[in-house]
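Numbering (our numbering), first residue to last: 281 to 540.
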């Protein structure tokens, strides 16, 4: 999983730099397809058929723009100045899977968008810090929810993190809100995807007619951050670290904070 995670982190870093004003979402999608094929990896999204969605998912990225929260379908759309883009991807290499997501500002940043992205990144770090042997699943959820409330955001409980290993979605479900000291005991060897996402002014969501793209119910913008994390005796190990994660290049975005 560490090998897969390294590839996912590197590709997300590439996509973050590639995303700019005028770049089409399909250009990002096709870049990712080429890189996945070159690496001999397999997309976990292609042909994915959960209980929601219409038909199998036929892309390797989820690209969610502005009020799109999760599962945004890549389509013919040229990124505009000020757009907030979330990029989510999961692949497998030699039967082991990793999943990660980030949010970036395209061109000129809105301070409120930077704050929103920062909140997801701080919440991700807090969740990872709580992913230690002897803690419980609720400690991760409570850490994420606590950050959201400090930033003034509400939390939706319908979609959150998840177990991951041989497949993209495994037990347990990792909610983005909860009570500390509750839930399963965390033990070394458990691997989970921790993924806080928040909307500016609501915790309600709605689906597009495509059955995949999830948006904030009130049209407010959203952001999403995610890492695949292994719980070890020495503490949490982030498997999807991205090169340059601690840099903040001008008007690109609030880059992910250090996570261990």
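All C-beta atoms in this analysis are idealised placements derived from N, C-alpha and C, irrespective of residue type, glycine included.
Problem - Sub-7 Å separation of residue 381 and residue 324 beta-carbons - result: The answer is no: Cβ separation not under 7 Å.
Handout entry: Nearest neighbour of residue 387, chosen from 297, 341, 410 [CA to CA]
Key = The residue with the shortest Cα to Cα distance from residue 387 is 297.
Problem - Exposure of residue 496, with buried meaning 16 or more beta-carbon neighbours within 10 Å - result: Buried is the call here.
Handout entry: Three-way DSSP call (helix, strand, coil) for residue 500 in this model
Key = Coil at residue 500, not helix or strand.
Problem - For residue 350 and residue 403, the rounded distance between their alpha carbons - result: For residue 403 and residue 350, the gap between their C-alpha atoms comes out near 17 Å.
Practice task
Drop a sphere of 10 angstroms on the beta-carbon of residue 464, count the other beta-carbons inside from all chains shown, and report buried for 16 or more, exposed for fewer.
Solution key: Exposed, by the Cβ-count rule.
Practice task
To the nearest angstrom, report how far apart residue 408 and residue 375 are at their CA atoms.
Solution key: The straight-line gap from Cα to Cα measures roughly 24 Å.
Problem - Pick from 294, 515, 499, 334 that is closest to residue 410, judged by C-alpha positions - result: Ranking 294, 515, 499, 334 by Cα distance to residue 410 puts 515 first.
Problem - Rounded straight-line distance, which links the Cα of residue 466 to that of residue 520 - result: Separation of residue 520 and residue 466 (C-alpha to C-alpha, rounded to the nearest whole angstrom) is 20 Å.
Handout entry: Alpha-carbon to alpha-carbon, residue 427 and residue 308
Key = Spanning the two alpha carbons is a distance of roughly 31 Å.
Exercise for the section: Have a look at the DSSP bridge pairing and note the partners of residue 322. Expected result: Answer is 372, bridged to residue 322.
Practice task
Please classify residue 327: does DSSP put it in a helix, a strand, or coil?
Solution key: Coil, per DSSP.
Problem - Residue span of the alpha helix (DSSP H) that contains residue 291, given as start and end - result: From DSSP, the alpha helix (DSSP H) with residue 291 extends over 282 to 298.
Exercise for the section: Work out the CA separation of residue 469 and residue 412 for me, nearest whole Å. Expected result: For residue 412 and residue 469, the distance between alpha carbons rounds to 11 Å.
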